[in-house]
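Participant: One structure, as structure tokens, below. Some questions next.
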Amino acid sequence: MSLLTVSNLQVSYGGIEALKGISFDVEKGQIVTLIGANGAGKSTTLRAISGLVPIKTGAINFDGRDITSLDTSRLVSEGIVMVPEGRRVFANLTVLENLKIGAYLRKDPQEVARTIDYVYERFPRLKERHWQLAGTLSGGEQQMLAVGRALMARPRLLMMDEPSLGLAPLVVRDIFAIIKMLAQEGITILLIEQNANAALRAADSAYVLETGRITLSGTGTELLNNQSVRDAYLGQKRERKRPAQA
Amino acid sequence: MDFIQANLPYLLAGISVGGQYALISIGYTMVYGILRLINFAHGDIFTVAAFFAVYLSATMPLIVSLPLTVVLTVVLGFVVERVAYAPLREAPRMSIMISAIGVSYLLQNLMWYITGGLAKQYVTIPWISSSVTLWGTTTKMVTLVTPVLTIILVVVLVQLINHTKIGMAMRAVSKDFETAKLMGIKIDAVISITFVIGSFLAAVGSMLYFSNYTAVTPLAGAMPGLKAFVAAVFGGIGSIPGAVVGAFIIGISENLLKAVGLTAFSDAFTFALLIFVLVFKPTGLFGEATTDKV
Numbered sequence: 000m001s002l003l004t005v006s007n008l009q010v011s012y013g014g015i016e017a018l019k020g021i022s023f024d025v026e027k028g029q030i031v032t033l034i035g036a037n038g039a040g041k042s043t044t045l046r047a048i049s050g051l052v053p054i055k056t057g058a059i060n061f062d063g064r065d066i067t068s069l070d071t072s073r074l075v076s077e078g079i080v081m082v083p084e085g086r087r088v089f090a091n092l093t094v095l096e097n098l099k100i101g102a103y104l105r106k107d108p109q110e111v112a113r114t115i116d117y118v119y120e121r122f123p124r125l126k127e128r129h130w131q132l133a134g135t136l137s138g139g140e141q142q143m144l145a146v147g148r149a150l151m152a153r154p155r156l157l158m159m160d161e162p163s164l165g166l167a168p169l170v171v172r173d174i175f176a177i178i179k180m181l182a183q184e185g186i187t188i189l190l191i192e193q194n195a196n197a198a199l200r201a202a203d204s205a206y207v208l209e210t211g212r213i214t215l216s217g218t219g220t221e222l223l224n225n226q227s228v229r230d231a232y233l234g235q236k237r238e239r240k241r242p243a244q245a
Numbered sequence: 000m001d002f003i004q005a006n007l008p009y010l011l012a013g014i015s016v017g018g019q020y021a022l023i024s025i026g027y028t029m030v031y032g033i034l035r036l037i038n039f040a041h042g043d044i045f046t047v048a049a050f051f052a053v054y055l056s057a058t059m060p061l062i063v064s065l066p067l068t069v070v071l072t073v074v075l076g077f078v079v080e081r082v083a084y085a086p087l088r089e090a091p092r093m094s095i096m097i098s099a100i101g102v103s104y105l106l107q108n109l110m111w112y113i114t115g116g117l118a119k120q121y122v123t124i125p126w127i128s129s130s131v132t133l134w135g136t137t138t139k140m141v142t143l144v145t146p147v148l149t150i151i152l153v154v155v156l157v158q159l160i161n162h163t164k165i166g167m168a169m170r171a172v173s174k175d176f177e178t179a180k181l182m183g184i185k186i187d188a189v190i191s192i193t194f195v196i197g198s199f200l201a202a203v204g205s206m207l208y209f210s211n212y213t214a215v216t217p218l219a220g221a222m223p224g225l226k227a228f229v230a231a232v233f234g235g236i237g238s239i240p241g242a243v244v245g246a247f248i249i250g251i252s253e254n255l256l257k258a259v260g261l262t263a264f265s266d267a268f269t270f271a272l273l274i275f276v277l278v279f280k281p282t283g284l285f286g287e288a289t290t291d292k293v
């Protein structure tokens with residue numbers, strides 16, 4: 000059953016059509032990825048779903064309900080949570096405060112404390128550094144904090160915008176391991192990535208976005224083996240060899 | 000000893016007026032911290048608060064009129080933000096700045112219209128307005144009350160910002176609007192609270208400030224408002240401790256200049272300080288190195 004259904008979504012920024020009517024489904028418990036070049040509309044898709052940019056036409060359904068017109072705050076309380084591009088941790092807040100602010104809409108402090116423990120269990124580094132200002136963390140640690148902060152809202156759908164951007168290959172591997180772990184714990188993941196190779200390997204299903212339109216879809220493996228995807232997004236050198244990342 | 004005796008009144012007056020500037024400058028600096036807006040209407044809200052006190056006290060006892068003054072001032076600050084600034088959230092920063100200047104003139108002219116341009120006698124608040132003698136110096140009680148009350152309010156405010164959920168939200172919003180939204184924070188509510196706090200402190204500051212004077216005119220708040228703004232810039236705009244320290248330094252310096260006979264230059268000093276700070280240390284005493292929001 001699909002948790003999220005996007006139908007004929009159109010978004011314009013100042014006269015330019017960023018999304019020209021895209022439709023896709025995200026099945027419950029799966030990792031779904033959108034891949035595509037810069038400016039294809041990947042980020043816009045996530046921003047439209049989370050209510051950050053206005054939608055021109057189209058409908059978004061979440062768990063059988065129409066959520067097209069809800070504001071960001073309501074969407075977060077429904078369980079639609081986004082890890083923004085470039086991590087965007089609050090540099091002027093401590094690590095612990097960043098986690099607490101992720102649970103901003105939750106009322107029960109004991110439950111919030113339990114979720115903090117849950118996050119610390121998965122990211123021991125955050126526990127070690129809980130008193131530090133988030134701005135002093137390394138890039139990889141900040142990405143973990145951004146994911147941990149999103150988990151604090153107890154997401155049902157976790158949307159991640161370029162989580163591997165600007166991180167060292169080893170850290171990228173950790174991030175993808177975390178994404179898979181979260182999916183196994185039952186959190187549905189909608190992932191957008193320029194690192195198409197790693198994303199497709201992790202994904203149950205995938206869509207290719209080109210200048211505001213979905214041009215291809217399939218399982219991660221299908222797209223990984225699709226010749227036009229390989230030519231456009233995976234690069235020539237990796238054709239036969241197994242890449243280092245995954 | 001004679002030296003201290005001669006200068007103590009000036010020092011006390013300086014500390015007191017510094018506290019009053021501090022209460023106004025916090026409103027400037029907090030709004031700047033969140034919206035990156037110099038709220039030009041803030042000094043006028045401070046003046047309107049004085050007229051609220053005058054007109055309300057004409058018809059009701061002080062115990063009712065003064066709290067009501069605070070409430071109305073807070074409502075005014077809230078309404079100004081909702082009507083004149085909130086619709087411009089996505090607009091270029093210059094638009095909201097111009098809107099703030101517009102609100103400032105609107106409030107000034109409304110005050111002219113209602114008062115007919117005549118000075119109104121300010122209310123005499125018992126105890127606060129009474130005289131007190133300290134080490135041979137006679138002054139008004141307000142001179143001693145102001146710094147104490149200012150410090151208490153600042154401590155409470157800093158605790159609120161550093162140790163409560165709403166304070167955490169304010170710090171988050173001041174750093175990054177969009178990510179704060181993604182946390183489920185309602186940006187507009189947080190901004191409103193900021194204006195409410197700023198207006199509350201301006202209302203308290205207004206009562207303390209005008210207790211030193213017999214009358215209020217529609218422009219009576221312009222000069223203290225401007226000086227409080229300079230204090231906020233001097234301290235590093237966006238920083239609350241900076242605004243408070245800046246306000247006390249300016250208040251004390253002005254009055255010490257008067258003590259040495261340079262009364263005519265005391266206002267000029269403040270604005271010379273502004274120019275000096277902008278030229279040599281634009282981020283002020285405690286300001287962040289990065290002044291622009293990404």
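These protein sequences, in sequence, are chains A and B.
For the first sequence, position 63 matches number 62 in numbering that gives the first Met the number 0, and the numbering has no gaps at all.
For the second sequence, position 158 matches number 157 in numbering that gives the first Met the number 0, and the numbering has no gaps at all.
For every residue, glycine included, the Cβ atom is placed at its ideal position computed from N, Cα and C.
Owing to the predicted nature of the structure, the values given are computational and were not obtained by experimental measurement.
Could you tell me the boundaries of the beta strand (DSSP E) in which residue 272 of chain A lies?
Facilitator: Nothing can be reported for residue 272 of chain A: it is not among the residues displayed for chain A, which extend from 0 to 245.
Participant: At a Cβ cut of 7 Å, what residues of the stretch 174-185 of chain B count as close to chain A, listed as they run along the chain?
Facilitator: Residues 174, 175, 177, 178, 180, 181, 182, 183, 184 and 185.
Participant: Taking its Cβ as the centre, do 16 or more other Cβ atoms sit within 10 Å of residue 276 of chain B, making it buried, or is it exposed?
Facilitator: When all chains shown are included, residue 276 of chain B counts as buried.
Participant: With a threshold of 8 Å between beta-carbons, can residue 100 of chain A be considered close to chain D, or not?
Facilitator: Absent here is chain D; the protein component of the structure consists of chains A and B.
Participant: Starting from residue 235 of chain B, trace the alpha helix (DSSP H) in both directions and tell me its first and last residue.
Facilitator: Per DSSP, residue 235 of chain B belongs to no alpha helix (DSSP H) and is neither H nor E.
Participant: For chain A, find out if any of its Cβ atoms is closer than 8 Å to the Cβ of residue 92 of chain B; answer yes or no.
Facilitator: No, its Cβ sits nowhere closer than 8 Å to a Cβ of chain A.
Participant: In the DSSP output, what is residue 205 of chain A paired with across the bridge?
Facilitator: DSSP lists A:32 and A:217 as partners of residue 205 of chain A.
Participant: Closer than 7 Å, Cβ to any Cβ of chain B: which residues of the stretch 73-94 of chain A, in chain order?
Facilitator: Going along the stretch 73-94 of chain A in chain order, one finds 75, 76, 81, 83, 87, 89, 90, 91 and 92 with a Cβ nearer than 7 Å to chain B.
Participant: Report the residue from A:228, A:151, A:218 and A:211 whose alpha carbon sits nearest the alpha carbon of residue 26 of chain A.
Facilitator: Comparing Cα positions, the closest option is A:218.
Participant: My output table needs one value for residue 180 of chain B: the three-state DSSP class, helix, strand or coil.
Facilitator: Note: residue 180 of chain B maps to helix in three-state DSSP.
Participant: For my contact list, residue 71 of chain A and residue 180 of chain B are in at a C-beta cut-off of 8 Å; report their separation, rounded to the angstrom.
Facilitator: The pair is a contact, with the Cβ atoms about 5 Å apart (cut-off 8 Å).
Participant: What does DSSP give as the partner residues of residue 59 of chain A in its beta bridges?
Facilitator: Residue 59 of chain A pairs with A:5.
Participant: For the stretch 75-88 of chain B, list every residue whose C-beta sits within 8 Å of some C-beta in chain A, in sequence order.
Facilitator: From the stretch 75-88 of chain B, no residue has a Cβ closer than 8 Å to chain A.
Participant: Can a CB atom of chain B be found closer than 8 Å to the CB of residue 115 of chain A?
Facilitator: No, residue 115 of chain A does not count as interfacial toward chain B.
Participant: Assign residue 177 of chain B to one of two classes, buried (16 or more other C-beta atoms within 10 Å of its C-beta) or exposed (fewer than that).
Facilitator: Residue 177 of chain B is exposed by the Cβ-count criterion.
Participant: Is the shortest distance between the beta-carbon of residue 316 of chain B and the beta-carbons of chain A less than 8 Å?
Facilitator: Residue 316 of chain B is absent from the model: chain B starts at 0 and stops at 293.
Participant: In chain order, what residues of the same chain have a beta carbon less than 6 Å from the beta carbon of residue 20 of chain A, not counting five sequence neighbours either side?
Facilitator: Closer than 6 Å at the Cβ level, and outside the excluded window around residue 20 of chain A, lie 7 and 9.
Participant: For residue 144 of chain A, which residues from the same chain have a beta carbon less than 8 Å from its beta carbon, with the 5 sequence-adjacent residues on both sides left out?
Facilitator: Hits under 8 Å: 86, 88, 94, 97, 98, 122, 125, 133 and 136.
Participant: What does residue 130 of chain B pair with, by DSSP beta-bridge criteria?
Facilitator: Its beta-bridge partners are B:139.
Participant: In this structure, does DSSP put residue 122 of chain B in helix, strand or coil?
Facilitator: Coil at residue 122 of chain B, not helix or strand.
Participant: Unbroken beta strand (DSSP E) runs of length 3 or more, entirely within the stretch 139-173 of chain A: which are they?
Facilitator: Runs found: 156-160.
Participant: So, are the CB atoms of residue 33 of chain B and residue 172 of chain B less than 8 Å apart?
Facilitator: The answer is yes: Cβ separation under 8 Å.
Participant: Rounding to the nearest angstrom, what Cα-Cα distance links residue 8 of chain B and residue 165 of chain B in this structure?
Facilitator: If you take the alpha carbons of residue 8 of chain B and residue 165 of chain B, they lie about 41 Å apart.
Participant: Examine chain A for any beta-carbon lying closer than 8 Å to the beta-carbon of residue 242 of chain B, and answer yes or no.
Facilitator: Taking Cβ atoms only, chain A never reaches closer than 8 Å to residue 242 of chain B, which makes this a no.
Participant: According to DSSP, which residues form a beta bridge with residue 187 of chain A?
Facilitator: Partner(s): A:156.
Participant: Tell me, to the nearest whole angstrom, how far the beta carbon of residue 184 of chain A is from that of residue 39 of chain A; I am working on the premise that it is less than 8 Å.
Facilitator: Their Cβ separation, rounded to whole angstroms, is 30 Å, which puts residue 184 of chain A and residue 39 of chain A out of contact at 8 Å.
Participant: DSSP on residue 273 of chain B, reduced to helix/strand/coil?
Facilitator: Of the three classes helix, strand and coil, the one that applies to residue 273 of chain B here is helix, per DSSP.
Participant: Decide yes or no for the touch test of the stretch 161-180 of chain A against the stretch 200-212 of chain B: beta carbon pairs closer than 8 Å, at least 3 of them.
Facilitator: Short answer: they don't touch.
Participant: Residues in its own chain within less than 6 Å of residue 203 of chain A by CB, not counting five upstream and five downstream?
Facilitator: Once the five neighbours on either side are set aside, the close Cβ partners of residue 203 of chain A are 29 and 30.
Participant: In the DSSP assignment, find the unbroken alpha helix (DSSP H) run with residue 77 of chain B in it and report its ends.
Facilitator: Counting along the chain, the alpha helix (DSSP H) containing residue 77 of chain B begins and ends at 61-79.
Participant: From this set, B:104, B:190, B:19 and B:227, which residue's C-alpha is nearest residue 145 of chain B's C-alpha?
Facilitator: Comparing Cα positions, the closest option is B:19.
Participant: Please tell me whether residue 103 of chain A has its Cβ less than 8 Å away from any Cβ of chain B.
Facilitator: It does; some Cβ of chain B falls within 8 Å.
Participant: Can you tell me whether residue 61 of chain A is buried or exposed, with buried defined as 16 or more other CB within 10 angstroms of its CB?
Facilitator: Buried.
Participant: Would residue 157 of chain B count as contacting chain A if we go by Cβ distances under 8 Å?
Facilitator: So no, residue 157 of chain B is outside the interface.
Participant: For the alpha helix (DSSP H) containing residue 77 of chain A, list its first residue and its last residue.
Facilitator: Looking at the DSSP string, the run of the alpha helix (DSSP H) that includes residue 77 of chain A is 71-77.
Participant: Quick test of your reading: residue 285 of chain B and residue 234 of chain B, contact by CB under 8 Å. State the CB separation rounded to the nearest angstrom.
Facilitator: With a Cβ gap of about 6 Å, residue 285 of chain B and residue 234 of chain B count as contacting.
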